[in-house]
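Report on the structure given below.
There are 2 protein chains.
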Amino acid sequence: MTEKEKITFNVDKEKNFSKWFTEILGRAEIADLRYNVKGFVVLREWAAIPIKEMYLVYERALEKKGHKRLIFPSVIPEKNFLLEKEHVEGFAPDVFWITEYGKGEKLEEKLALRPTSETAMYRMYSIWIRSYNDLPFKAYQSNQVWRHETKATRPLIRSREFYWIEAHDVFATEEEALQQVEEDMETAKEVLFEKFGIPLIFFKRPQWDKFPGAVDTYAADCLMPDGKIIQQPSTHFLGQNFSKPFNLKFMDRDGKEKYAYITCYGPAISRIYASLIATHGDNKGLVFPFKLAPLQIIIIPIVVKDKEKKIFDKCRELQKKLSKDFRVEIDLSEQSPGDKFYFWEMKGVPIRIEVGQKELKEKSLTVFRRDTNKRIKIKERQLLAFIKKSDKEILKNLKEKSKNKFDKSIVSIDKLTEVKKAVDSGKIVRTKFCSIDKEGESCAEIIEKQINAFVRGTRVDKKEKPAGKCIVCGKKANTVVYIGKTY
Amino acid sequence: MTEKEKITFNVDKEKNFSKWFTEILGRAEIADLRYNVKGFVVLREWAAIPIKEMYLVYERALEKKGHKRLIFPSVIPEKNFLLEKEHVEGFAPDVFWITEYGKGEKLEEKLALRPTSETAMYRMYSIWIRSYNDLPFKAYQSNQVWRHETKATRPLIRSREFYWIEAHDVFATEEEALQQVEEDMETAKEVLFEKFGIPLIFFKRPQWDKFPGAVDTYAADCLMPDGKIIQQPSTHFLGQNFSKPFNLKFMDRDGKEKYAYITCYGPAISRIYASLIATHGDNKGLVFPFKLAPLQIIIIPIVVKDKEKKIFDKCRELQKKLSKDFRVEIDLSEQSPGDKFYFWEMKGVPIRIEVGQKELKEKSLTVFRRDTNKRIKIKERQLLAFIKKSDKEILKNLKEKSKNKFDKSIVSIDKLTEVKKAVDSGKIVRTKFCSIDKEGESCAEIIEKQINAFVRGTRVDKKEKPAGKCIVCGKKANTVVYIGKTY
Chain Y
1 MTEKEKITFN
11 VDKEKNFSKW
21 FTEILGRAEI
31 ADLRYNVKGF
41 VVLREWAAIP
51 IKEMYLVYER
61 ALEKKGHKRL
71 IFPSVIPEKN
81 FLLEKEHVEG
91 FAPDVFWITE
101 YGKGEKLEEK
111 LALRPTSETA
121 MYRMYSIWIR
131 SYNDLPFKAY
141 QSNQVWRHET
151 KATRPLIRSR
161 EFYWIEAHDV
171 FATEEEALQQ
181 VEEDMETAKE
191 VLFEKFGIPL
201 IFFKRPQWDK
211 FPGAVDTYAA
221 DCLMPDGKII
231 QQPSTHFLGQ
241 NFSKPFNLKF
251 MDRDGKEKYA
261 YITCYGPAIS
271 RIYASLIATH
281 GDNKGLVFPF
291 KLAPLQIIII
301 PIVVKDKEKK
311 IFDKCRELQK
321 KLSKDFRVEI
331 DLSEQSPGDK
341 FYFWEMKGVP
351 IRIEVGQKEL
361 KEKSLTVFRR
371 DTNKRIKIKE
381 RQLLAFIKKS
391 DKEILKNLKE
401 KSKNKFDKSI
411 VSIDKLTEVK
421 KAVDSGKIVR
431 TKFCSIDKEG
441 ESCAEIIEKQ
451 INAFVRGTRV
461 DKKEKPAGKC
471 IVCGKKANTV
481 VYIGKTY
Chain C
488 MTEKEKITFN
498 VDKEKNFSKW
508 FTEILGRAEI
518 ADLRYNVKGF
528 VVLREWAAIP
538 IKEMYLVYER
548 ALEKKGHKRL
558 IFPSVIPEKN
568 FLLEKEHVEG
578 FAPDVFWITE
588 YGKGEKLEEK
598 LALRPTSETA
608 MYRMYSIWIR
618 SYNDLPFKAY
628 QSNQVWRHET
638 KATRPLIRSR
648 EFYWIEAHDV
658 FATEEEALQQ
668 VEEDMETAKE
678 VLFEKFGIPL
688 IFFKRPQWDK
698 FPGAVDTYAA
708 DCLMPDGKII
718 QQPSTHFLGQ
728 NFSKPFNLKF
738 MDRDGKEKYA
748 YITCYGPAIS
758 RIYASLIATH
768 GDNKGLVFPF
778 KLAPLQIIII
788 PIVVKDKEKK
798 IFDKCRELQK
808 KLSKDFRVEI
818 DLSEQSPGDK
828 FYFWEMKGVP
838 IRIEVGQKEL
848 KEKSLTVFRR
858 DTNKRIKIKE
868 RQLLAFIKKS
878 DKEILKNLKE
888 KSKNKFDKSI
898 VSIDKLTEVK
908 KAVDSGKIVR
918 TKFCSIDKEG
928 ESCAEIIEKQ
938 INAFVRGTRV
948 DKKEKPAGKC
958 IVCGKKANTV
968 VYIGKTY
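This is the structure in structure tokens:
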């Protein structure tokens, strides 16, 4: 790397996203892959702060809708884990087991490091929930889970330890549980798109692609710049599949004991952060919505020798004033102003304030917005108003851009022969398909083998009724599905 | 339990703290001990919310003082763990080991579930830190750690999985590292006492009671209502003990490579929560500082049949207004107002608002403060001002009460024969002692065996110079130490 390359960042995100993503993770100090356990990465400040902020936003949204916050142990005894058959079959290959402590002493019972917490939580739920008065019972925890992934791991996207929220809700009736699934999808949109600017579509997943133990799975798909789909929050209608083995019964109004209905919901915050980086970044580096940025404002002194002190003083005065409400720093390093600009643009700082001799004299400030790359001069007394306005405008701007790109990526196609070209060029294909029930699986397998793409399911936000034949088998098409390459 | 006992809570906290603590954990839904893995407990909403709030306060304090936020993997490869001899000896008996995944496949290398993260973090630090320009390097993570405790576990106080912050800071010089130790102690006081109202004293621990691998350990002691001491945040000067095995070197200004100096600091948030409950609670139940309360305001409709709707509407209007800034609920259950009062007092809600017919007519509200048990009438328009004022006053009141009690618990004693009576009656004994270096250990062992109490070390906030003889061996006393029973 030349000196200049060390300072500037210039990778074509659209043409070579994989390179862009890997390079920005290192350069912006987001993740470090050099930790000496395979599949585990260190998340540095440029991940740890946005992930914390994203957690706070999501938690607030869940609490507003009546979810209690809980903290469960991260270990699950083997006997709990084995109770639901499909669940254990689905997760068993990925579980890390704790078998010893100290200097090789064996534990009485093997403990699973939770790959997800159904089997930890529902046992306690069955103790807590006694009657219809205790329902609905809605709760979440913010935690990490561990999975010994066999697929290739990628930082933030697929790691052997990742950070998520899991909400587990219990209802007296199937109807209420299904309403919760709707609410969960709504919450995902409110948070991912409205607050983070990441567009998504919710699909009802085909029966062969369900969460192990679920009756039905609904999952959000987002788009990466290389045209591949990344799954984001999913919500699962578990029916009574878990309440039976975990004996989660309640006394109903009619005096009868009944098994409860359960839903579970899992937004993976560290993975959503991957989407955030990928969705908003550009060839110069990171771009953040103002509220999520690890550093929100950078102040750059444009120093002229004999005015040095006055300029530094002004910078410090601004920092002091702004640091009550924002994450703000002054760059006092010995780099040139230009190099500082490049550096903090790469790091995605949403607002830059430049303070030089001219600004001092005019009681003005030069301000720069990372999302638009526009630089303007404002009066110093307008600064707070400018920041507040920018906060809103940046999010609006990022949402428009990302939504526009996302919408354009969907194409309707009628012939199987044309699907490959479309998905290879980064499109999500909308097409006619026989069924997302069991009988459609063989058609999905053909798509998977021939095109290396996947049937994501049927849209939840629209009723789409096909007229015509399944693109694969030629039988009557009962559904409109979406097909794409995936992470 | 009778119906009345279910509603009221009345356990003498001072006389029978152990019973009080156990009962309030269950009754207020703080912790559930019925999880089926020994030493692991479920933390319910009444723990999960205050713990989150306490984390936010502590993290803000650390970030203000220049700590970067990081997220490290929770697993540590065995080879890292074995590098520092004293450290591994100290922690090895307590480590949980992951040895398998899936259906009994062996991992290539055993992984420790971190009991603390020195050996995870310093390996990466040695990659990141290259020159004096990278120093000081100050970072923290908020995480959980696991220890297979052999001592009896108690929820929040000593569990096999607990929640803490660990800050690990690296410096070019010993002097700067020792300054960091001072800063860490200052931060603990700022947070634990100033924000949470928990009094503490920092002691330099005797050499025989150090963190494994440390040169010196400084730890805060707080007092429980039964007169036993509970250790809270500790900060450790590690010197170069870890930088050598982890090869944490930097190029200094003089062009020479040098080993760095490290400090580490560990406030255990879940344990601090135990102190919070124990310090402020009373015979009626929990008492919280306003900012940390899981529920800050409870609204109770005092319903008169024909005015029902108007009263409920007013309650909802108040909730809507207040819920922007506070955690607030209306109790719409079918209990009597009196039972509701008892219940929410037991749960420690700092402010209660009563809305009845009279209040409606007068545009007033009856408000109650949990810390003083005082009930007054205010005009509705004064509500926000009342809440803000109460927030400050409650904390001030709780601090005064707890500080007063703490100060009174310390007694100066000159005769070994009198120490037992004092510590048995819940006092912390201040006395003359030969030395907290290695040569004093045999005297400390005598105190431990005869009195079942422990030498906590020498005060950090005062220089105390003894004139006279060691209370145990009668040799010259070089230090003033404090002795107490401990958790």
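Chains as they are written, first to last, in this note's numbering: chain Y, 1 to 487; chain C, 488 to 974. All C-beta atoms in this analysis are idealised placements derived from N, C-alpha and C, irrespective of residue type, glycine included.
| message | Please return the same chain residues whose Cβ sits closer than 7 Å to the Cβ of residue 151(Y), not counting the five positions on each side in sequence. | response | For residue 151(Y), where only same-chain residues beyond five positions count, the Cβ hits under 7 Å are 158.
| query | Would residue 129(Y) pass as a contact of residue 238(Y) if the rule is Cβ separation under 8 Å? | reply | A distance of 8 Å or more separates the beta carbons of residue 129(Y) and residue 238(Y).
| said: Quick check: what's the CA-CA separation for residue 20(Y) versus residue 787(C)? | reply: Cα to Cα, the separation comes out at about 57 Å.
| said: Taking only three categories from DSSP, how would you classify residue 772(C)? | reply: Three-state result, residue 772(C): strand.
| Just by C-beta distance, which residues in the stretch 579-592 of chain C are closer than 9 Å to chain Y? | Contact residues of the stretch 579-592 of chain C toward chain Y are 579, 580, 581, 582, 583, 584, 585, 586, 587, 588, 589, 590, 591 and 592 (C-beta to C-beta distance below 9 Å).
| query | Of the residues 888(C), 858(C), 841(C) and 859(C), which one's Cα is nearest the Cα of residue 851(C)? | reply | When each option's Cα is compared against that of residue 851(C), the closest is 841(C).
| How is residue 253(Y) classed by DSSP in three states: helix, strand or coil? | Coil at residue 253(Y), not helix or strand.
| query | Using 8 Å as the limit for Cβ to Cβ distance, is residue 47(Y) near chain C? | reply | Yes, because at least one Cβ of chain C sits closer than 8 Å to the Cβ of residue 47(Y).
| message | So with CB distances below 8 Å, who are the chain C contacts of residue 124(Y)? | response | Annotation: Cβ neighbours of residue 124(Y) in chain C (cutoff 8 Å, chain order): 519, 521, 522 and 529.
| query | Taking the beta strand (DSSP E) that residue 750(C) falls in, what are its first and last residues? | reply | Here the beta strand (DSSP E) through residue 750(C) covers 748-753.
| message | Just to make sure I have the definition right: I need the residues of chain Y whose C-beta is within less than 9 Å of the C-beta of residue 688(C). Which are they? | response | Under the 9 Å cutoff, chain Y gives no residues; its nearest Cβ is about 30 Å from residue 688(C).
| query | Is the Cβ-Cβ distance between residue 459(C) and residue 885(C) less than 8 Å? | reply | There is no way to answer for residue 459(C), as the model of chain C reaches only from 488 to 974.
| query | By Cβ distance below 8 Å, which residues in the same chain neighbour residue 38(Y) in space, the five residues on each side in sequence not counted? | reply | 153 and 160.
| message | Out of 483(Y), 290(Y) and 335(Y), which one is the CA nearest neighbour of residue 392(Y)? | response | The alpha carbon of residue 392(Y) has as its nearest neighbour, out of 483(Y), 290(Y) and 335(Y), the alpha carbon of 290(Y).
| message | According to DSSP, residue 851(C) sits in a beta bridge with which residue or residues? | response | Assignment of beta-bridge partners to residue 851(C) by DSSP yields 866(C).
| task | Out of 915(C), 549(C), 503(C) and 802(C), state which residue places its alpha-carbon closest to the alpha-carbon of residue 674(C). | result | The option with the nearest alpha carbon to residue 674(C) is 549(C).
| Short Cβ contact (8 Å threshold) for residue 934(C) with residue 959(C) | Yes, they are a contact pair.
| Could one say the Cβ of residue 564(C) lies closer than 8 Å to chain Y's Cβ atoms, at least one of them? | Taking 8 Å as the threshold, the shortest C-beta distance from residue 564(C) to chain Y falls below it.
| Using a C-beta to C-beta distance shorter than 8 Å, which residues of chain C count as neighbours of residue 144(Y)? | Near residue 144(Y) (Cβ distances below 8 Å), the residues of chain C are 561.
| request: Ignore the nearest five residues each way along the sequence and tell me which others in residue 468(Y)'s own chain have a CB closer than 8 Å to its CB. | output: Answer for residue 468(Y): 414, 432 and 477, listed in chain order.
| Mind pulling the chain Y residues with CB within less than 8 Å of residue 556(C)? | Contacts between residue 556(C) and chain Y, judged by CB atoms closer than 8 Å, involve 45, 48, 49 and 52 in chain order.
| request: Identify, in the order they occur along the chain, each residue of the same chain with its Cβ nearer than 6 Å to the Cβ of residue 90(Y), setting aside the five sequence neighbours on each side. | output: Within the same chain, residue 90(Y) has close Cβ partners 212.
| query | Can you find a CB in chain Y that lies within less than 8 Å of the CB of residue 648(C)? | reply | Flagged as an interface residue toward chain Y: residue 648(C), by a C-beta distance shorter than 8 Å.
| task | Taking C-beta pairs closer than 7 Å, name the residues in chain C that residue 168(Y) reaches, listed in chain order. | result | Near residue 168(Y) there are no residues of chain C at all, since even the closest Cβ is about 13 Å away, more than 7 Å.
| What is the rounded straight-line gap between the Cα of residue 820(C) and the Cα of residue 86(Y)? | Near 40 Å, if we compare the C-alpha coordinates of residue 86(Y) and residue 820(C).
| Under the rule that 16 or more other beta-carbon atoms within 10 Å means buried, what is residue 313(Y), buried or exposed? | Exposed, because fewer than 16 other Cβ atoms sit within 10 Å of the Cβ of residue 313(Y).
| task | Work out the CA separation of residue 500(C) and residue 825(C) for me, nearest whole Å. | result | Approximately 23 Å, taken between the alpha carbons.
| field | residue 319(Y) to residue 349(Y) span [Cα, whole Å] | value | Annotation: residue 319(Y) to residue 349(Y) spans about 15 Å, alpha carbon to alpha carbon.
| Residues of chain C with CB under 8 Å from residue 148(Y), in chain order? | Residues of chain C whose Cβ lies closer than 8 Å to the Cβ of residue 148(Y) are, in chain order, 588 and 589.
| query | In chain order, what residues of the same chain have a beta carbon less than 8 Å from the beta carbon of residue 803(C), not counting five sequence neighbours either side? | reply | Correct list, in chain order: 817.
| field | Interfacial residues, the stretch 224-258 of chain Y to chain C, with Cβ spacing under 9 Å | value | Taking 9 Å as the Cβ-Cβ cut-off against chain C, none of the residues of the stretch 224-258 of chain Y qualify.
| message | For residue 272(Y), would you say it is in contact with chain C, using Cβ-to-Cβ distances shorter than 8 Å as the test? | response | It does not: the Cβ of residue 272(Y) has no partner Cβ on chain C nearer than 8 Å.
| Taking the alpha carbon of residue 531(C) as the point to measure from, which residue in 124(Y), 311(Y), 78(Y) and 376(Y) has its own alpha carbon closest? | Per the Cα distances, 124(Y).
| CB contact check: residue 292(Y) to chain B, cutoff 8 Å | Of the protein chains in the structure, Y and C, none is chain B.
| request: On the DSSP bridge assignment, give the partners of residue 699(C) in chain order. | output: Partner(s): none; residue 699(C) has no beta bridge.
| Ends of the beta strand (DSSP E) at residue 792(C)? | Counting along the chain, residue 792(C) sits inside no beta strand (DSSP E), nor does DSSP assign it H or E at all.
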